[in-house]
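Number of protein chains: 2
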Amino acid sequence: MRFVASGTRESSYQKVARELRGQILQGLYANGRQLPTEFALATSYGVSRQTVRRAFQDLLADGLVTRIPGRGTFAKMKSDTYIRQFGSVEDLMALSTDTQLTVTSLLNRKIDIIAAGRLGLDSDVVYQVSFIRSHDQTPFCVSTVSLPPEVGQMLSSEKLLTTTGSQSNATIIGLIDKQLKDPIAEAQQSITVGRASESVAGHLGCEVGTSLLRIDRLYLDTRNKPVELATSYFDSELYSYRIRLRRDIS
Amino acid sequence: MRFVASGTRESSYQKVARELRGQILQGLYANGRQLPTEFALATSYGVSRQTVRRAFQDLLADGLVTRIPGRGTFAKMKSDTYIRQFGSVEDLMALSTDTQLTVTSLLNRKIDIIAAGRLGLDSDVVYQVSFIRSHDQTPFCVSTVSLPPEVGQMLSSEKLLTTTGSQSNATIIGLIDKQLKDPIAEAQQSITVGRASESVAGHLGCEVGTSLLRIDRLYLDTRNKPVELATSYFDSELYSYRIRLRRDIS
DNA sequence: CGTTATTTGTGCGTATGTATT
DNA sequence: AAATACATACGCACAAATAAC
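In order, the protein sequences belong to chains A and B. Heads up: the first sequence begins at 1 in the working numbering, then just goes up one per residue. Heads up: the second sequence begins at 1 in the working numbering, then just goes up one per residue.
Given below as structure tokens:
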């Protein structure tokens, strides 16, 4: 899940990390088996031990391995399950440079009573745009964004949202935040289980009715006015939602 | 997720990372302001540039900074990407006031390879206790808590966990935190979709196989040692996981 | 029980490359 | 073109944890 700009050549440690990641995900080190030592990998790849260590730091951050001083490095994955969580939603959303947005339904005026209600509107009219988010050409998330009419009209000048199949690595809320008088101050997020509709299943490549992770986010500006409602579906077999909470900020 | 080991003194790069993390979270570098360069930090802390780089790798993995070659290191601005997660361990511990816990399976020694693995144990022996959480006499959550043997034995004096059908509005992690030498410092939470087993379905009053929200929490103490693994199933019809994300305006 | 070998962790120095200003 | 700043890569030394003898 580490970065890498697409254009540049892959560095040594990235190659090591990529190959080890593939082997782990393929179950070569299933049941927590031990990986080769730093020294062994360094000699077999013809790189220094530091380079191998750098690769392991990525695998560690990905949660794929456990390292125990004096003992060795062990894979965390159990091959007997289907669960391939080689990343988290947070990781993927965090680096917008890593994920690509492809518009599937252009920004348009729609009638949506539920969305309008959650946006605190009096009428039933909202502006909606739908898109998929991909990482490495693999779509992992389908989203629909609903906006109050005035916000929707504000964004109607954005070519990204009004051109078929257009791609970007921006975020909608980023676009909105730039143009708003009052900036975004707060978001309310709710995570539930949802089912894949026909269109969602088509985009994610799963079957209709599959249980998906559904994440709703309602963004509010400093005046506590809702400015965006985003409803996203994630395939939870591929991606889990991971959060790290810390205590003691000092 | 970060590494290592253990009872020893804090290392140099950890100190640098900790202090920078605190400063960022306190808003010292709010609005995406630039942090000192590697060289500046190295000289001011009296360490090498490599050590500063090691610290930045942790902050990068935490998603707290963005680094741009040729430009510098910047605190992640919440506006140009999205609003970041700021829950706290305290929030999780305070879950208890309006919900009630009923023990369904007493604290006991069990064999659980998966739980033991996630707790980083060498053997397969863990202590487990199961319970349901109710609100207004309606159960909405079924949890199983796995503990390392030494923690389990520590809690074996708690009447709550060793008496059939006992009720309380405490949290297990709260009980643990009181007795631990090293307090809880961090929690890793993973949210996925799970299916109701026979026993879970029985307690929640839903059908076997129903899709449920599954939340796994791994609590770590200040020495990064796992002390509790909680696996909970929520009926997503009754309960959705809500988070409020605030933005630091400063 | 201590000793030794293995393995990971920390820290530093150096050199070179690449991107930005 | 030059200076700045991050990225990669290698080398070395020593510390700390573990396991085996």
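C-beta: ideal position from N, C-alpha, C; glycine also. All of these numbers come straight from a predicted model, not from anything done at the bench.
Contact check for L213 of chain A against V65 of chain B fails: the beta carbons are separated by 8 angstroms or more.
Put simply, of B:T164, B:C206, B:G165, B:L155 the residue whose alpha carbon is nearest the alpha carbon of I173 of chain B is B:L155.
Rounded to whole angstroms, T73 of chain B and Q23 of chain B show a C-alpha spacing of 14 angstroms. Under the three-state reduction of DSSP, K181 of chain A is assigned to coil, being neither helix nor strand. In the same chain as S197 of chain A, and ignoring 5 residues on each side of it, the C-beta atoms closer than 8 angstroms to its own belong to V208, in chain order. Between P148 of chain A and the set A:A230, A:P226, A:L25, A:P69, the nearest pair of CA atoms involves A:P226.
Counting only Cβ-Cβ distances below 8 angstroms, Q57 of chain B has contacts in chain A at Q57, in chain order.
When secondary structure is reduced to three states using DSSP, R33 of chain A falls in the coil class, being assigned neither helix nor strand.
Using beta-carbon distances, S240 of chain B counts as an interface residue toward chain A, with a partner under 8 angstroms. Residue nearest to Q26 of chain A within the set A:G120, A:V47, A:A42, A:K76 is A:K76 (criterion: CA-CA distance). For T231 of chain B, DSSP records a beta bridge to B:T144, B:D216.
Residues of chain B whose Cβ lies closer than 7 angstroms to the Cβ of L106 of chain A do not exist, since the nearest Cβ in that chain is about 22 angstroms away.
Here the stretch 178-193 of chain B makes no contact with the stretch 109-117 of chain B; the two share fewer than three CB pairs at distances below 8 angstroms. If you check the CB distance, A185 of chain A and D221 of chain A come in under 8 angstroms.
In summary, G46 of chain B is exposed, with fewer than 16 beta-carbon neighbours lying within 10 Å of its beta-carbon over all protein chains present. When A:S211, A:S168, A:V129 are compared, the shortest CA-CA separation from L229 of chain A is found for A:V129.
Nearest to V126 of chain B by C-alpha distance, out of B:Q188, B:S11, B:C141, B:G152, is B:G152. Taking 8 angstroms as the CB threshold, T163 of chain B stays off the interface with chain A. By the CB criterion at 8 angstroms, E38 of chain B and R54 of chain B fall outside the cutoff. When the five nearest sequence neighbours on each side are left out, the beta carbons in the same chain lying within less than 6 angstroms of the beta carbon of S190 of chain B are those of D216, in order along the chain. Taking CB atoms only, S236 of chain B has a neighbour in chain A less than 8 angstroms away. Using a Cβ-Cβ cut-off of 8 angstroms, T138 of chain B does not count as an interface residue toward chain A, since no Cβ of chain A sits closer than that to its own.
Non-local beta-carbon contacts of S236 of chain B in its own chain, meaning distances under 8 angstroms to residues more than five positions away in sequence, involve S211, L212, L213 in chain order.
Boundaries cannot be given for R71 of chain B, as no alpha helix (DSSP H) includes it and DSSP labels it neither H nor E. Pairing R33 of chain B with L59 of chain B gives a Cβ-Cβ distance that is not under 8 angstroms. At least 8 angstroms separates the CB of T51 of chain A from every CB of chain B. The beta-bridge partner set that DSSP reports for H135 of chain B consists of B:T138. For a Cβ distance threshold of 7 angstroms, residue set V193, S211 of chain B lies close to S211 of chain A, ordered along the chain.
For D62 of chain B, the secondary structure class from DSSP, reduced to helix, strand or coil, is coil.
Sequence-distant partners of F131 of chain A (beyond 5 residues in either direction) whose C-beta falls short of 7 angstroms from its own C-beta, in its chain, are L101, T102, V103, T104, S143.
Contacts between G72 of chain B and chain A, judged by CB atoms closer than 7 angstroms, are missing: the closest CB pair is about 17 angstroms apart. Interface with chain B (8 angstroms Cβ-Cβ cutoff): Q188 of chain A is included. Sequence-distant Cβ neighbours of L218 of chain A in its own chain, meaning closer than 7 angstroms and more than five residues away, are R118, A187, Q188, P226, L229.
Sequence-distant Cβ neighbours of V200 of chain A in its own chain, meaning closer than 6 angstroms and more than five residues away, are V142, Y233. Spanning the alpha carbons of L161 of chain A and S11 of chain B requires a straight line of approximately 49 angstroms.
Around the beta carbon of G63 of chain A, 16 or more other beta carbons sit within 10 angstroms, so the residue counts as buried.
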